[in-house]
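Below is one structure; the comments refer to it alone.
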Amino acid sequence: MLMRIQKILAMSGIASRRKAEELIMQGRVTVNGKPAIIGMKADPEKDHIKVNGKLITRIEPKVYFMFNKPRGVITSLSDPEGRTTIADYLKGIKYRVFPVGRLDYDSEGLLLLTNDGDFAHAVLHPSKKISKTYIVKVSGIIEEKDLAKLREGIKLEDGMTAPAKVKKIRETENNSWLEITIYEGRKRQIRRMLERIGHPVLRLKRVAIDGLRLGDLKVGEKRPLSEEEINRILKLSI
């Protein structure tokens, strides 16, 4: 995408647009080895732009992906113990992305990936109160009084949790399946809440983040977010 040189310099953090114009007029900026002039345009992804002989960092476009994380995978781009990480599933993504938040090693489901810090902030910051919905299998038959506790808030070692939305989906002879929606992002929060009421988690899958749903995306697969999905989150960063 062609942009004016001064805009490229500003977006790269080299200087303000006004200062960038001064650098251009002083002959300190080159494009593909030739002196830049005011009004010149270039493609930051293709052209070699230098300031004082130093190649500027190319501007990467913002990208956004939804990933269905499998169980037994680390939500990290590397692991000193050599375990499988989400990086092993990111082949085909041209730009370096990072996970927005985490899912435990034993948890699965929807994980967002991006290189946009504003987008990540909108998802993670407590003030935004982004909803996160999980399907959870727990040990034992959970009673209505325990569901009420989850809906009111559970006292954990790091304080009371905010009220959760909880719905029992089904139960078997020994287990219960729940749909739980929370608006916080404490470490292992769902697991700790259920352990506190005596129903340890056997399986946990995140299926939605503020209306962005996993849908039929297969385990281990990823897809780009639509423009509508991106804007749904970005509007919260304003």
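Using the numbering used here, the first residue of the sequence shown is number 22, and each one after it goes up by one.
Positions of the beta carbon are idealized from the N, C-alpha and C atoms, including for glycine.
Helix, strand or coil at residue i according to DSSP, with G and I counted as helix
i: residue 209; result: coil
i: residue 177; result: strand
i: residue 201; result: strand
i: residue 24; result: strand
i: residue 163; result: coil
i: residue 29; result: helix
i: residue 95; result: strand
C-alpha gap between residue i and residue j, whole angstroms
i: residue 260; j: residue 84; result: Outside the shown range of the chain (22 to 259) lies residue 260, about which nothing can therefore be said.
i: residue 100; j: residue 78; result: 27 Å
i: residue 33; j: residue 39; result: 14 Å
i: residue 35; j: residue 57; result: 15 Å
i: residue 220; j: residue 238; result: 29 Å
i: residue 231; j: residue 248; result: 15 Å
i: residue 242; j: residue 119; result: 16 Å
i: residue 161; j: residue 250; result: 37 Å
i: residue 26; j: residue 146; result: 35 Å
i: residue 112; j: residue 164; result: 45 Å
i: residue 5; j: residue 102; result: Absent from the model: residue 5. The displayed extent of the chain is 22 to 259, so no value can be given.
i: residue 42; j: residue 81; result: 22 Å
i: residue 207; j: residue 244; result: 26 Å
i: residue 140; j: residue 233; result: 14 Å
i: residue 98; j: residue 47; result: 42 Å
i: residue 246; j: residue 30; result: 28 Å
i: residue 171; j: residue 109; result: 36 Å
i: residue 197; j: residue 156; result: 11 Å
CB-CB length for residue i against residue j, believed under 8 Å
i: residue 225; j: residue 211; result: 6 Å
i: residue 132; j: residue 229; result: Going by Cβ atoms, the distance from residue 132 to residue 229 rounds to 12 Å, so no, they are not a contact pair.
i: residue 183; j: residue 205; result: 6 Å
i: residue 199; j: residue 187; result: 6 Å
i: residue 117; j: residue 136; result: 6 Å
i: residue 175; j: residue 218; result: 7 Å
i: residue 44; j: residue 52; result: 12 Å between Cβ atoms; not a contact.
i: residue 24; j: residue 62; result: 6 Å
i: residue 94; j: residue 105; result: 5 Å
i: residue 255; j: residue 89; result: Contact flag wrong, Cβ pair sits at about 22 Å.
Boundaries (first-last residue) of the alpha helix (DSSP H) holding residue i
i: residue 254; result: 248-255
Residue i: first and last residue of the uninterrupted beta strand (DSSP E) it sits in
i: residue 192; result: 186-192
Which runs of the alpha helix (DSSP H) fall wholly inside the region 98-155 and span at least 4 residues, in chain order?
Qualifying alpha helix (DSSP H) stretches, in chain order: 138-145.
Every unbroken beta strand (DSSP E) inside the region 217-243 [3 residues or more]
For the region 217-243, whole beta strand (DSSP E) runs of length 3 or above, ordered along the chain, are 222-230.
Extract the residue ranges of the beta strand (DSSP E) inside the region 47-92, only unbroken runs of 3 or more that lie entirely within it.
The qualifying runs are 50-52, 70-72 and 85-90.
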